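S.K.:
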Amino acid sequence: DTAVSQTPKYLVTQMGNDKSIKCEQNLGHDTMYWYKQDSKKFLKIMFSYNNKELIINETVPNRFSPKSPDKAHLNLHINSLELGDSAVYFCASKARGYSINEKLFFGSGTQLSVL
Amino acid sequence: GESVGLHLPTLSVQEGDNSIINCAYSNSASDYFIWYKQESGKGPQFIIDIRSNMDKRQGQRVTVLLNKTVKHLSLQIAATQPGDSAVYFCAEPRMDSSYKLIFGSGTRLLVRP
Numbered sequence: 001d002t003a004v005s006q007t008p009k010y011l012v013t014q015m016g017n018d019k020s021i022k023c024e025q026n027l028g029h030d031t032m033y034w035y036k037q038d039s040k041k042f043l044k045i046m047f048s049y050n051n052k053e054l055i056i057n058e059t060v061p062n063r064f065s066p067k068s069p070d071k072a073h074l075n076l077h078i079n080s081l082e083l084g085d086s087a088v089y090f091c092a093s094k095a096r097g098y099s100i101n102e103k104l105f106f107g108s109g110t111q112l113s114v115l
Numbered sequence: 116g117e118s119v120g121l122h123l124p125t126l127s128v129q130e131g132d133n134s135i136i137n138c139a140y141s142n143s144a145s146d147y148f149i150w151y152k153q154e155s156g157k158g159p160q161f162i163i164d165i166r167s168n169m170d171k172r173q174g175q176r177v178t179v180l181l182n183k184t185v186k187h188l189s190l191q192i193a194a195t196q197p198g199d200s201a202v203y204f205c206a207e208p209r210m211d212s213s214y215k216l217i218f219g220s221g222t223r224l225l226v227r228p
């Protein structure tokens, strides 16, 4: 079974549309993340939720709205898509706690292409 | 299609040779570092970590070296195999109000047969 799964794997859409990416983890983790990877492979954190509560919001445009219906799911909704939103979006999770040596587990990514 | 790789540092090695991937950091207070491997079409995957009270840590075919004096760490891969072809990131957790993993810019490793 896949530990962190994202859907869809590929998403091609027109500018101005609204789209969602879903993420689920079956690891029993409490904390989930969204990362964005640009065309230069640079990975940047966007959001983090701990047990359904937003704890990190890294100055992301408010067109991006994460939603966590339960601690196993963290979805990302994007309104009014722009060309610059084209990237690969990764979901990740980790166990609860604040130990510095906890590991993040990543999904396989959603490649978003805005035309 | 992808235009990645044009700006990403690339290391090309012969299969069977050793690979050394480098990473510099700026915060002298940093005390924990992690290496991640990202294969094509996949998410980053944990390889090995090291705390600042160590200068070397070994795993299976991989060794991480930490030089705190010059704020540099490296990932050494012994007897590089085709399956090692990937992008490698050093990463550092930050503990502000919460746990946040900050990634370096990445190095692409290409293994020539």
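Protein chains in written order, with this note's numbering: chain P, 1 to 115; chain C, 116 to 228.
The C-beta atom is built at its ideal place from N, Cα and C for all residues, glycine as well.
Computed from a predicted model, the values in this text were never measured in an experiment.
1. Counting only runs that start and end within the stretch 123-188 of chain C, where is the beta strand (DSSP E) found for 3 or more residues in a row?
2. S145(P) to Q129(C), Cα distance in whole Å?
3. Which term fits A206(C), buried or exposed, when burial requires 16 or more other beta carbons within 10 angstroms of its beta carbon?
4. Near S113(P), what residues of its chain come up, given a Cβ to Cβ distance below 6 Å and the 5 sequence neighbours on each side ignored?
5. Run through DSSP, which three-state label would L83(P) get?
6. Name, please, each residue of chain C whose Cβ falls closer than 9 Å to the Cβ of S48(P).
7. Which residue's Cα is closest to the Cα of K9(P): M15(P), I21(P), A3(P)?
8. Can you tell me where the beta strand (DSSP E) with S48(P) in it begins and where it stops?
9. So L81(P) packs on K19(P), CB below 8 Å; how close in whole Å?
10. Skipping 5 residues on each side, what residues in its chain have a beta carbon closer than 7 Å to that of R63(P)?
11. Assign P208(C) to one of two classes, buried (16 or more other C-beta atoms within 10 Å of its C-beta) or exposed (fewer than that).
M.R.: Quick look at the numbers:
1. Listed in chain order, the complete beta strand (DSSP E) runs (minimum 3 residues) inside the stretch 123-188 of chain C are 125-129, 134-139, 147-153, 160-166, 171-173, 177-182.
2. Nothing about residue 145(P) can be read from this structure; chain P reaches only from 1 to 115.
3. The Cβ neighbour count for A206(C), taken over all protein chains shown within 10 Å, is at least 16; the residue is labelled buried.
4. Result list for S113(P): V12, S86, in chain order.
5. It is helical.
6. Annotation: Cβ neighbours of S48(P) in chain C (cutoff 9 Å, chain order): S213, Y214, K215.
7. Ranking M15(P), I21(P), A3(P) by Cα distance to K9(P) puts I21(P) first.
8. Going by DSSP, S48(P) is part of the beta strand (DSSP E) stretching over 43-50.
9. Right, the Cβ-Cβ distance comes to about 6 Å (below 8 Å), so this counts as a contact.
10. Within the same chain, R63(P) has close Cβ partners I78, N79, S80.
11. Under this definition P208(C) is a buried residue.
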